[in-house]
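The opening residue of the sequence shown carries number 852 in the working numbering; numbering runs sequentially from there. Read through the structure below, which is laid out as structure tokens, and then see the notes.
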Amino acid sequence: MKPLKAVLFIEGLLLCFGGFCSCSDGYLDETVTTDLDEDKVFTDSSYTAGFLTQIYVDIGFQTMPTRFGNGGLQIACDEAEFKNESSITTGMALATGTLNPNIVSDDCWKKCYANIRRVNKFLENVHRSPMVQGVKDRYYNEARFLRAWYYAALVRDYGGVPLVGDTCYSSDDVIPSKRMTWRKSIDYIVDECNAVIASNTLPVRATGRINGRATEAACLALISRMKLYDASPLHNNPEGSWGTEQTKDLLGNTDYSKERWKDAADAALDVMRCGDYALYVNHKDGKNGGKEELGWGYYAITHASDFTTATKCTTRNGEVITPYGPYQEIIFERKMLGLDFHSAYDPISCGGSGRGGYVYADLADAFPMADGRAVDDKSGKYVFDPVHPNVNRDPRFANCVVYDGATHRNSANDNYTVRTCTGDVTTQDEVRKGTPTGFFTRKFTNRECAANWWISPSNSFSLIRYAEILLNYAEATNEYYGPSHEDMMTAEITDADGNVTPATYVSPITVLKMLRERAGIEPGDDGMYGLKDGMTQEEMREAIRLERRLELCFEGHRFYDVRRWMIADQTDGKPMHGLEIMQKNGNTSYKYFTVRTHVWRPALYFMPIPYQEVVKSKDGELLQNPHYD
């Protein structure tokens, strides 16, 4: 077998250094460097900082709308339809059940291991930099967190993976390619994050000039995410394992332990109790003269566009309510140009390319009515009308979905009306012509620009936000304790004047109510926001799963959630629907239709390791995931 090759030395410094080196095709290939060498990079403070900055560049690659050819993870599950391509893409193969090691994208494997090597090179050399020791220590631990972050990305896709430790292999070395167990892989990520926290070199929150960089809260949040996965049925249910005897311990724990749910709940509480983060609840449009708009805060967190936003406060009666504006909720992020999202998501009439996926009617109809009741709940306050889907709906619907009759900015009109209907009124956005489903994606697009503009503000693309942590807590707590369990968030405080601030508590139901209140859903006379009072554990489980589906849609969670819950055969192996609205001779009608029947097979619980990586391993020690033979 051909031995694995390491990247020779420095692969891809800061993006602005593009003329200094040529990047390789991946982790296993050699790179030739030209003008910059190791001594120059690590004996110059700016070059050293630039090297670390480059490691941040790929942090959000898994959830980008242009991944997998076009559409990203949303087209690989039950969120959105992909754009037809002339060649088979990974997203198309996932939807049709035809994915195999020969056609799968190798971006996760290559990007993660390339960046893990960059981290190791940085850790090996940062001590040589002339920068002040405090900055050096912070950078060192930022790099350790980033290494854990990239390993977490690998583990979500493949299960247990090769752990290369701190070694920076040369081109002549044989890199160990034996996969570590799921247990060792999870423990490594958690231990690295805990070590960074223990170093006491990172702030709890990054503000101002260092906004967007690794923090203690990001470490705690990554631990929360990975412990939730560790406790979930796919990885904590060996009796139901579908893997082979050879691969079972690579894909999950070899024993079941209910205590893993407690560990996950406690990990989420650690984030919640750090005190610097909260949901951004704001029902006034900050860009429109303070006009009332229920749920505006949900929109705003995707458009925290600059560092100054992190210092803007929302006050009420002189009390600071949101000390960091929309950044109050953002724990870890990637900055993106708004036009990147507009190009992928916008309707064709607004300059979009349609590359980002088209929302299925199944997801569109999953958003409840304004009273929190399901669209098919006849006992609710409102009646759902598919022809006018935004009327009396959860405000998150209009902030996530472009529907027939929605207003959208384009180059000629600030309030252009998008028409996807057929009949008397036809446009290039028409269903089956502009969109195969009757919907486009709106989430992450900025109201102040269009795809065919020259410039746009940057977006904060949240990689971890507080809403995810709340939902992690709710899920784990319900599974371990049950739906009625409460935890103390803050203890009772008595000030010097004897004034008492009561203790605050959180539970699975309070989490769901908090999210729905922020969304702008009506509380109702019972204050339950459309939720059933006194839910069983099973009912609470379904309510939490629905809230994750809606709150976190298009953020890369749904793809992994249905897998770790082991329900992908139900969600991803069925017909997906679109909605056609027909206008003819003054009459309006509608019909749902099948866009595509997704195909599910057990292999798809994990991604296949790219074929070229398996065959390069020494003596075949890099085991392929099951059912990809």
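From the three backbone atoms N, C-alpha and C, an ideal C-beta is built for every residue, glycine too. Computed from a predicted model, the values in this text were never measured in an experiment.
Distance between residue j and residue i (C-alpha atoms, nearest Å)
i, j, result
"N1264", "F1444", "32 Å"
"E1373", "N951", "46 Å"
"T1355", "I906", "39 Å"
"G1385", "T949", "43 Å"
"V1465", "T1361", "47 Å"
"R1399", "P1054", "28 Å"
"N1045", "F1290", "43 Å"
"G1146", "D1245", "9 Å"
"F1410", "L1130", "24 Å"
"L1073", "Y1456", "21 Å"
"N935", "T904", "36 Å"
"V1008", "L1102", "Reading off the sequence shown, one finds Asp at residue 1008, where the question assumed Val. If I take the Cα positions, the gap works out to 10 Å."
"F1235", "A965", "50 Å"
"V800", "D1255", "This structure does not reach residue 800, given that the chain is present from 852 up to 1480, and the question cannot be answered."
"T1439", "M943", "34 Å"
"G1378", "M1220", "15 Å"
"D1114", "L1120", "10 Å"
"T1286", "A1257", "14 Å"
"M1077", "R1034", "11 Å"
"N953", "S1036", "25 Å"
"L1322", "V1413", "15 Å"
"W960", "N1133", "40 Å"
Coarse secondary structure for residue i, derived from DSSP in three states
i, result
"S1358", "coil"
"Q905", "helix"
"E1096", "coil"
"H1478", "coil"
"K1467", "helix"
"V1122", "helix"
"S1194", "helix"
"P1426", "strand"
"K1138", "coil"
"N1438", "strand"
"Y1456", "helix"
"F973", "helix"
"M1379", "coil"
"K1109", "coil"
Proximity of residue i and residue j at Cβ, strictly below 7 Å
i, j, result
"A1069", "I1182", "yes"
"Y1002", "I1040", "yes"
"I1320", "V1047", "no"
"P1453", "H1428", "no"
"A1118", "S1075", "yes"
"D1275", "K1435", "yes"
"S980", "S897", "no"
"F1312", "G911", "yes"
"F919", "T940", "yes"
"P1177", "I1152", "yes"
"G1203", "G922", "no"
"A1195", "P1459", "no"
Neighbourhood of residue i by C-beta, 6 Å cutoff - its chain only, sequence neighbours within 5 removed
i, result
"R1415", "Y1080, S1083, L1085"
"M1031", "G1011, L1014"
"A1215", "V1252, F1290"
"R995", "E1043, V1047"
"C1272", "D1255, I1432, Q1434"
Cβ neighbours of residue i in the same chain (closer than 8 Å, five flanking residues each side left out)
i, result
"R1260", "C1201, N1266, Y1267, R1298, E1299, C1300, A1301"
"Y1211", "D929, E930, A931, E932, T1288, F1290, M1427, H1428, G1429, V1446"
"L1363", "A1325, Y1380, L1382, A1394, I1395, E1398"
Residue-level contact to chain C via CB, residue i, 7 Å cutoff
i, result
"T1355", "In summary, chain C is missing from the structure at hand, where a single protein chain is found."
Same chain only: Cβ atoms within 7 Å of residue i, ignoring 5 sequence neighbours per side
i, result
"F1218", "R1244, D1245, R1247, F1248, L1401"
"R1283", "none"
Closer than 6 Å: residue i CB and nearest the ligand SAM heavy atom
i, result
"K891", "The ligand SAM is absent from the structure shown, which contains no ligand whatsoever."
Query raised in the report: Three or more C-beta pairs closer than 8 Å, one from the region 961-973 and one from the region 1248-1257: is that the case here?
Result: no
Query raised in the report: Are three or more beta carbon pairs between the region 1095-1102 and the region 1467-1477 nearer than 8 Å?
Result: Look at the beta carbons and you see the region 1095-1102 touching the region 1467-1477: at least three pairs across the two are nearer than 8 Å.
Query raised in the report: Does the region 976-985 touch the region 890-901, meaning 3 or more C-beta pairs lie closer than 8 Å?
Result: Yes, they touch.
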